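So the structure is just underneath, and the comments pick up after that.
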Amino acid sequence: MESRFLTEFDQTLDSQFYLCRSCKTHIAVREDYLYKAVYVWPDKTVAYFEKAVNLVIDEDPENYVWHGNYGFTCVYCSKCDLQLGQRCVKTEPPTTAAIKAGRFLLYLDRLQFWDGLQVQDKDLLEPQPPHPPLPSMDPPPPPPPPPPPPSPEKMEIPKRDVL
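Residue numbering for the sequence shown follows full-length UniProt numbering, beginning at 1 and increasing consecutively.
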């Protein structure tokens, strides 16, 4: 396989994105998720995305699959070549606002989700609440210094009886 440049998203507490289940390549940010649907053929649950990255798109019109008025082509992970879904390449005539040329239908069972803290296997499609701050990794502060010893003039020396 030829060497390809890959787009990577920041893995921070405030970022959420989808990645290829097979090779962990970053595929789409949460902000580009549009909606979820059960796709009749093949029997898969898909998520519609406005944009996606790190995909190889079959551009050959001879390979388009037509479902009614919509033409689709397969999309593959650019790192491991796993088929991740399809891209709508043509609508004749333009019909609904939901399915538009250029949008991606990605199979949720082939994706994982970075929720801002860890990779999740479940289909987390709604924005997750922000995570609580992580505990500090700094060492604990030193203990306070001991109190100073009393000065000699203030010290009382106990007297002992001499036998």
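Ideal placement from N, C-alpha and C gives every residue a C-beta, glycine not left out. Note that the structure is a prediction, hence the values are computed from the model and not measured.
Contact under 8 Å by Cβ, residue i with residue j
i: Ala-52; j: Ala-28; result: yes
i: Lys-100; j: Leu-6; result: no
i: Asn-63; j: His-26; result: no
Same chain, Cβ closer than 8 Å to residue i, five either side skipped, listed in chain order
i: Trp-66; result: Phe-72
i: Arg-103; result: Leu-34, Tyr-48, Phe-49, Glu-50, Arg-87, Cys-88
i: Asp-109; result: Arg-21, Lys-44, Thr-45
i: Lys-24; result: Gln-112, Val-119
According to DSSP, residues forming a beta bridge with residue i
i: Gln-118; result: Answer is none; Gln-118 lacks a bridge partner.
i: Gly-71; result: Trp-66, Lys-90
i: Cys-20; result: Leu-111
i: Gln-83; result: Tyr-76
i: Ile-99; result: In the DSSP output, where bridge partners are listed per residue, Ile-99 has none listed.
i: Leu-55; result: Cys-77
Inter-residue spacing [alpha-carbon to alpha-carbon] between residue i and residue j
i: Asp-138; j: Pro-145; result: 20 Å
i: Leu-19; j: Pro-147; result: 57 Å
i: Gln-83; j: Cys-77; result: 6 Å
i: Gly-116; j: Asp-10; result: 9 Å
i: Glu-8; j: Pro-140; result: 35 Å
i: Asp-32; j: Leu-106; result: 12 Å
i: Pro-143; j: Gly-85; result: 58 Å
i: Pro-61; j: Gly-68; result: 16 Å
i: Asp-161; j: Pro-149; result: 26 Å
i: His-91; j: Glu-59; result: The amino acid occupying residue 91 in the given sequence is Thr; His does not appear at that position. Each residue's alpha carbon lies about 15 Å from the other.
Cβ shell of residue i (< 6 Å), same chain only, five flanking positions each side left out
i: Pro-127; result: Reliability fails at Pro-127, whose pLDDT of 48 lies under 50, so the model's placement of it is uncertain and the value that follows must be treated cautiously. There are no such residues.
Own chain residues within Cβ distance below 7 Å of residue i, not counting five before or after
i: Lys-159; result: none
i: Ile-121; result: Position check: residue 121 holds Asp in this sequence, whereas Ile was assumed. So the list reads Gln-112, once near-sequence residues are dropped.
**Request:** Taking 8 Å as the threshold, find out whether the region 68–75 comes into contact with the region 9–17 through three or more Cβ pairs.
**Result:** no
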